[in-house]
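Enquirer: Each residue of the sequence shown is one higher than the one before, counting from 253 in my numbering.
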Amino acid sequence: MKDQFEFDRHQMVEEQIIGRGLRDQRLLSAFESVPRHLFVPQEDRQLAYADGPLPIGLDQTISQPYIVALMTSLLKLEGNERVLEVGTGSGYQAAILSHLAGEVHTIEYLPQLAARAKQLLSGYLNVFCHVGDGSLGWQESAPYDGIIVTAAAPETPQVLLDQLKDDGRLVIPIGRRGYQKLELWTRRGDKFDCDELIEVAFVPLRGEYGW
Ligand code: SAM
253 MKDQFEFDRH QMVEEQIIGR GLRDQRLLSA FESVPRHLFV PQEDRQLAYA
303 DGPLPIGLDQ TISQPYIVAL MTSLLKLEGN ERVLEVGTGS GYQAAILSHL
353 AGEVHTIEYL PQLAARAKQL LSGYLNVFCH VGDGSLGWQE SAPYDGIIVT
403 AAAPETPQVL LDQLKDDGRL VIPIGRRGYQ KLELWTRRGD KFDCDELIEV
453 AFVPLRGEYG W
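1. Mark phenylalanine 259 as exposed unless 16 or more other C-beta atoms lie within 10 angstroms of its C-beta, in which case mark it buried.
2. With respect to the beta strand (DSSP E) encompassing tyrosine 318, which residues constitute its N-terminal and C-terminal limits?
3. Got a sec? Which residues, its chain only, sit under 6 Å from glycine 386 by beta carbon, not counting five neighbours each side?
4. With a threshold of 6 Å, establish whether the CB of tyrosine 361 neighbours any heavy atom of ligand 1.
5. Identify, in the order they occur along the chain, each residue of the same chain with its Cβ nearer than 7 Å to the Cβ of serine 342, setting aside the five sequence neighbours on each side.
6. On a CA-only basis, which of Ala353, Lys443, Gly430, Glu435 is nearest isoleucine 450? Give me that one, please.
7. Taking the alpha carbon of valine 411 as the point to measure from, which residue in Arg297, Gly427, Ala394, Arg440 has its own alpha carbon closest?
8. Please determine if the stretch 374-386 and the stretch 344-359 are in contact, where contact requires at least 3 C-beta pairs separated by less than 8 Å.
9. Per DSSP, which residues does glycine 398 bridge with? Please list them.
10. Using the C-alpha atoms, what's the distance from aspartate 255 back to serine 402?
11. Output the residue ranges of the alpha helix (DSSP H) runs that lie fully inside the stretch 325-394 and measure 4 residues or longer, sorted by chain position.
12. Below 7 Å CB to CB, which residues in the same chain sit around leucine 372 once its five sequence neighbours on both sides are set aside?
13. So, under 8 Å CB-CB, isoleucine 400 and glutamine 316 are touching, yes? Tell me the CB distance rounded to an integer number of Å.
14. I need the straight-line Cα distance from arginine 275 to isoleucine 269, nearest angstrom please.
15. State the DSSP-derived secondary structure class of phenylalanine 454, mapped to helix, strand or coil.
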């Protein structure tokens, strides 16, 4: 029998993800599988499948499910890729990516959040958690097929673009505090194409190429 969380999760997928036009079956299965309620603070579990971001402590957030889905879908993952996530936060996005890529590296600036996420992600054997300034990427495991930055930067750090493989894709919110546009960058040899997508509001990226 389905429990309430499974029921809510299925509804989240139907209404918030399929309802907004994302229909890739692998993506939808990942969202059906990952128990988002385990990645939010205990007192907010009943809200885990609601259509919005939630606080996770230290002024940080777990992103809205649809935004996680949209950013993930933009990487066009088929299963064998190596990806980098900048901004582990709760660990939820990394858990989703682990279902869709071969190897996931995720880096978090705040050691306290990184430690909690690492524990939650311990069963996700293809996820590797790092602590540090992800505005510099994670050179040790580069190059990547895809990079997702889940905090907002004033402009796209070239050092991140340089860690992409040829044809690799980078998704990043760029703009000012409280208002950004999601940008999708694609590497073509030594050139980088950029598409501006929807308006978003992410917490600020810290570190060398953040705020
Ligand atoms: N992806 C996360 C999730 O699934 O819960 C949501 C991330 S939250 C919107 C943004 C995260 O980026 C915060 O945890 C913040 O501490 C982190 N962050 C900010 N600047 C960073 C940096 N330079 N390097 C790594 N992480 C950073």
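Don't be surprised by glycine CBs; every beta carbon is placed ideally from N, CA and C.
Given the structure is predicted, the values throughout are model-derived calculations rather than measurements.
Expert: The answer reads as follows:
1. To locate residue 259, count along the sequence shown from 1; it is residue 7. Looking at its Cβ environment, which holds fewer than 16 other Cβ atoms inside 10 Å, phenylalanine 259 is exposed.
2. Here residue 318 is taken as the residue at index 66 of the sequence shown, counted from 1. No beta strand (DSSP E) contains tyrosine 318, which is instead part of the alpha helix (DSSP H) from 317-326.
3. Translated into positions along the sequence shown, residue 386 becomes position 134. Within the same chain, glycine 386 has close Cβ partners Val338, Ile359.
4. Here residue 361 refers to the residue found at position 109 when the sequence shown is read from its first residue. Yes, the Cβ of tyrosine 361 comes within 6 Å of a heavy atom of ligand 1.
5. Taking the sequence shown and counting its residues from 1, one reaches residue 342 at position 90. Closer than 7 Å at Cβ, skipping near neighbours: Phe291, Val292, Ile308, Ile314, Ala369.
6. Residue mapping note: residue 450 aligns to position 198 of the sequence shown, counting from 1. Of Ala353, Lys443, Gly430, Glu435, the residue nearest in Cα terms is Glu435.
7. Working through the sequence shown from its first residue, we reach residue 411 at position 159. Comparing Cα positions, the closest option is Ala394.
8. yes
9. Residue 398 sits at position 146 when you count from the first residue of the sequence shown. Partner(s): Val335, Arg421.
10. Stepping through the sequence shown from its first residue, residue 402 is reached at position 150. Stepping through the sequence shown from its first residue, residue 255 is reached at position 3. It is threonine, not serine, that sits at residue 402 in the sequence shown. Between threonine 402 and aspartate 255, the C-alpha separation is close to 30 Å.
11. 344-352, 363-372
12. Here residue 372 refers to the residue found at position 120 of the sequence shown. Excluding positions up to five away in sequence, the list reads Leu290, Phe291, Gly343.
13. Taking the sequence shown and counting its residues from 1, one reaches residue 400 at position 148. Taking the sequence shown and counting its residues from 1, one reaches residue 316 at position 64. That pair is no contact at about 14 Å.
14. Counting from 1 along the sequence shown, the entry for residue 275 is found at position 23. Counting from 1 along the sequence shown, the entry for residue 269 is found at position 17. Those two C-alpha atoms are separated by around 8 Å.
15. Position 202 of the sequence shown holds residue 454. Correct three-state label for phenylalanine 454: coil.
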